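**Q** Starting off with a structure, shown below.
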Amino acid sequence: MTAKLIRELGAGVGIALPEVRVVGEDPVLPSVFPLGTMAAAAAGALTAAVAAYAGRIGRSDEEGSGGRQPVRGAYGDPDVTIDVRHAAVAFQSERHFRTDGKAMDVWAELSGDYRTSDGWIRLHCNFDHHRDAAVRALGLPPGSGKEDVGRACAGRTAVEIEDAVIREGGCAAAMRSRAEWLAHPQARALAGLPLVGVSRLSGRGGVLGDLGTGLPAGIERPLGGVRVLDLTRVIAGPVAARALAAYGADVLRVGAAHLPEVPGLVVETAFGKRSCRIDLRSEADRLRELVRQADVVVQAYRPGALRAKGFGPDDLAALRPGIVCVDISAYGARGPWASRRGFDSLVQMACGIAHENGDGLRPSPLPAQALDHGTGYLAALGAVAALLRRVAEGGSWHVEVSLARTAAWLDDLGRIDGAGVPQPRVEDLLATMDSPFGTLTYVTPPGAIDGTRPRWTSPPPRQGEHPAAWAPSS
Numbered sequence: 001m002t003a004k005l006i007r008e009l010g011a012g013v014g015i016a017l018p019e020v021r022v023v024g025e026d027p028v029l030p031s032v033f034p035l036g037t038m039a040a041a042a043a044g045a046l047t048a049a050v051a052a053y054a055g056r057i058g059r060s061d062e063e064g065s066g067g068r069q070p071v072r073g074a075y076g077d078p079d080v081t082i083d084v085r086h087a088a089v090a091f092q093s094e095r096h097f098r099t100d101g102k103a104m105d106v107w108a109e110l111s112g113d114y115r116t117s118d119g120w121i122r123l124h125c126n127f128d129h130h131r132d133a134a135v136r137a138l139g140l141p142p143g144s145g146k147e148d149v150g151r152a153c154a155g156r157t158a159v160e161i162e163d164a165v166i167r168e169g170g171c172a173a174a175m176r177s178r179a180e181w182l183a184h185p186q187a188r189a190l191a192g193l194p195l196v197g198v199s200r201l202s203g204r205g206g207v208l209g210d211l212g213t214g215l216p217a218g219i220e221r222p223l224g225g226v227r228v229l230d231l232t233r234v235i236a237g238p239v240a241a242r243a244l245a246a247y248g249a250d251v252l253r254v255g256a257a258h259l260p261e262v263p264g265l266v267v268e269t270a271f272g273k274r275s276c277r278i279d280l281r282s283e284a285d286r287l288r289e290l291v292r293q294a295d296v297v298v299q300a301y302r303p304g305a306l307r308a309k310g311f312g313p314d315d316l317a318a319l320r321p322g323i324v325c326v327d328i329s330a331y332g333a334r335g336p337w338a339s340r341r342g343f344d345s346l347v348q349m350a351c352g353i354a355h356e357n358g359d360g361l362r363p364s365p366l367p368a369q370a371l372d373h374g375t376g377y378l379a380a381l382g383a384v385a386a387l388l389r390r391v392a393e394g395g396s397w398h399v400e401v402s403l404a405r406t407a408a409w410l411d412d413l414g415r416i417d418g419a420g421v422p423q424p425r426v427e428d429l430l431a432t433m434d435s436p437f438g439t440l441t442y443v444t445p446p447g448a449i450d451g452t453r454p455r456w457t458s459p460p461p462r463q464g465e466h467p468a469a470w471a472p473s474s
């Protein structure tokens with residue numbers, strides 16, 4: 001099943017992938033959802049796409065009815081493998097991450113599930129302004145604690161609280177059943193969208209130079225020379241850029257001092273990257289200079305937010321013809337919830353996953369932030385597919401993914417008897433690296449091409465450690 005899913009993912013983004021040898025099978029993680037299959041398909045498709053790109057061979061076929069045929073990449077006849085257990089554990093990477101042996105706590109005090117008068121609500125309060133919005137929405141004074149929030153939630157309906165928190169600019173999701181979600185207008189808006197949208201942007205564009213037929217540093221660094229701007233926070237986007245860095249891309253993460261971060265996560269997702277700071281409120285021209293020399297821009301602001309600042313896909317393509325723009329959102333770019341803030345745990349609640357993964361009486365989240373990681377790997381797949389298609393067809397490209405659409409894909413994969421499965425062993429999948437933060441223990445990236453595994457060659461940097469400039473050798 002996994003190999004077939006990988007072929008389908010390749011076809012969906014318009015490229016023909018080399019065959020992938022899949023090692024292992026579900027169940028791997030304790031869930032009724034086939035998370036191992038999902039993880040192996042997403043990570044395996046990325047690995048295969050990178051193998052195709054490594055060959056630096058692309059073609060388009062305009063024969064027949066005039067329709068585009070899949071781009072084909074080749075680096076000899078690559079042996080591409082993906083291990084199901086490794087991929088599943090990689091989807092839990094933040095859970096296994098250690099700094100000098102200490103695990104990180106990613107949840108703020110008020111983040112969590114609360115019983116309501118008719119069900120459950122999840123509040124996401126990891127950022128202070130989201131916490132304050134939730135407290136205001138519940139009519140509580142600043143500084144209220146978890147018990148205060150619990151009492152306030154108990155007297156109101158889940159959807160009532162959800163609406164109130166969203167109006168205040170916060171993040172919340174009522175627990176819905178699968179049937180309730182499928183009947184929701186947002187689910188219907190997503191139903192016709194591709195899992196990974198890859199489309200050519202209109203206007204000027206072309207192949208950005210001859211990429212040749214060889215690799216500067218061999219198959220170990222197949223994305224060497226590809227410049228990626230990472231404008232993301234909180235798992236899905238950072239995972240996408242981190243995955244590209246594992247294959248040799250030059251990833252420059254752009255943050256800002258005034259934007260909140262989850263301290264542990266910003267470190268765990270920064271392997272192989274450099275980090276700079278640009279305040280778009282006053283330094284937009286600095287970002288434009290970086291875009292002019294970039295190949296890929298990955299962003300996870302709410303749909304339309306960067307466009308309003310002059311950095312929408314068409315704006316980026318005008319600055320850098322041939323750019324690949326990767327947009328990641330919570331609920332998709334269309335429908336009544338398109339502009340709604342969201343995170344993995346909230347999408348699990350809204351889409352019926354937290355309801356079905358347990359007994360239906362109280363939320364039971366997946367044993368991994370699988371929507372975040374899955375969307376991250378799919379975003380990286382879309383980026384590499386667009387790079388391949390740029391070589392063959394020219395033009396600038398737009399990639400769109402969302403957590404909610406990934407949730408629909410997971411739903412489509414069916415169910416397994418995995419609820420009582422123990423957590424997988426992980427010791428052989430971990431490595432250590434010295435860093436400015438101490439000795440880091442982390443999950444190695446999954447996949448292999450001709451026996452060579454992706455890897456990160458540098459530890460996570462301190463935020464803003466580097467200048468807002470591309471590395472001279474990239």
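Going by UniProt numbering, the residue at position 174 of the sequence shown is 174; the numbering climbs one at a time, nothing skipped. Every residue gets a Cβ at the ideal spot worked out from N, C-alpha and C, and that includes glycine. From a predicted model like this one, the values you see are computed outputs, not experimental measurements.
1) Under three-state DSSP, which class holds His398?
2) Hey, quick one: how far does the alpha helix (DSSP H) through Asp163 stretch, first residue to last?
3) Would you tell me roughly how many angstroms separate the C-alpha atoms of Gly464 and Ala419, rounded to the nearest one?
4) If you run the structure through DSSP and keep just helix, strand and coil, what is Ser144?
5) For Gly192, does the count of other Cβ atoms within 10 angstroms reach 16, so buried, or fall short, so exposed?
6) Restricting to Cα atoms, I'd like to know which of Val267, Ile323, Gly225 is closest to Val399.
7) Excluding the 5 residues preceding and the 5 following Ala354 in the sequence, name in chain order all residues of the same chain whose CB lies nearer than 7 Å to its CB.
8) Please go through the segment 262–307 and give each complete beta strand (DSSP E) segment of 3 or more residues, from N-terminal end onward.
9) Select from Ala257, Phe343, Pro263, Pro222 the residue whose C-alpha is nearest the C-alpha of Ala245.
10) Using the rule of at least 16 other Cβ atoms within 10 Å of the residue's Cβ for burial, across every protein chain shown, is Glu427 buried or exposed?
11) Apart from the five residues just before and just after residue 490, which ones in its own chain have a Cβ nearer than 6 Å to its Cβ?
12) Ala42 to Pro142, Cα distance in whole Å?
13) Three or more C-beta pairs closer than 8 Å, one from the segment 388–402 and one from the segment 183–203: is that the case here?
14) Taking all protein chains shown into account, decide if Ala183 is buried (16 or more other Cβ within 10 angstroms of its Cβ) or exposed.
15) With 16 as the cutoff for other CB atoms within 10 Å, does Ala333 come out buried or exposed?
16) Buried or exposed for Gly255, please, with buried defined as at least 16 other CB atoms from any protein chain shown within 10 angstroms of its CB.
17) May I have the straight-line CA-CA distance separating Tyr75 from Ala385, to the nearest angstrom?
18) Give me whichever residues DSSP pairs with Tyr442 in a beta bridge.
19) Applying the 10 Å Cβ sphere with the 16-neighbour rule, what's the burial state of His258?
20) Starting from the Cα of Asp139, find the closest Cα among Ala164, Val228, His124 and give me that residue.
21) Bridge partners of Arg200, per DSSP?
22) What did DSSP end up calling Val20 once you bin it into helix, strand or coil?
23) For Arg98, which residues in the same chain have their Cβ closer than 6 Å to its Cβ, ignoring the five residues on either side in sequence?
24) Counting C-beta neighbours from all protein chains within 10 Å, is the total for Trp120 16 or more, i.e. buried, or is it exposed?
25) Could you work out which residue in Ala103, Gly101, Arg302, Ala152 is closest to Arg115 when comparing CA atoms only?
**A** Once the coordinates are examined:
1) strand
2) Looking at the DSSP string, the run of the alpha helix (DSSP H) that includes Asp163 is 158–167.
3) Our two residues, Gly464 and Ala419, have alpha carbons roughly 43 Å apart in a direct line.
4) coil
5) exposed
6) Ile323
7) Met175, Gln348, Pro363, Ser364, Pro365
8) Counting only runs of 3 or more, we get 273–277, 296–299.
9) Pro222
10) exposed
11) Coverage of the chain is limited to positions 1 through 474, which leaves residue 490 absent and any answer about it impossible.
12) 42 Å
13) yes
14) It is exposed - the Cβ of Ala183 has fewer than 16 other Cβ atoms within 10 Å.
15) buried
16) Counting Cβ neighbours within 10 Å, Gly255 comes out buried, since at least 16 surround it.
17) Low confidence applies here, because Tyr75 scores a pLDDT of 49, under 50, leaving its location unreliable; read the following figure in that light. Tyr75 and Ala385: Cα-Cα distance of roughly 15 Å.
18) Ala431
19) exposed
20) In the sequence under discussion, the amino acid at residue 139 is Gly, which differs from the Asp named in the question. Of the candidates Ala164, Val228, His124, the one whose C-alpha sits nearest the C-alpha of Gly139 is Ala164.
21) Trp397
22) strand
23) Thr441
24) buried
25) Ala152
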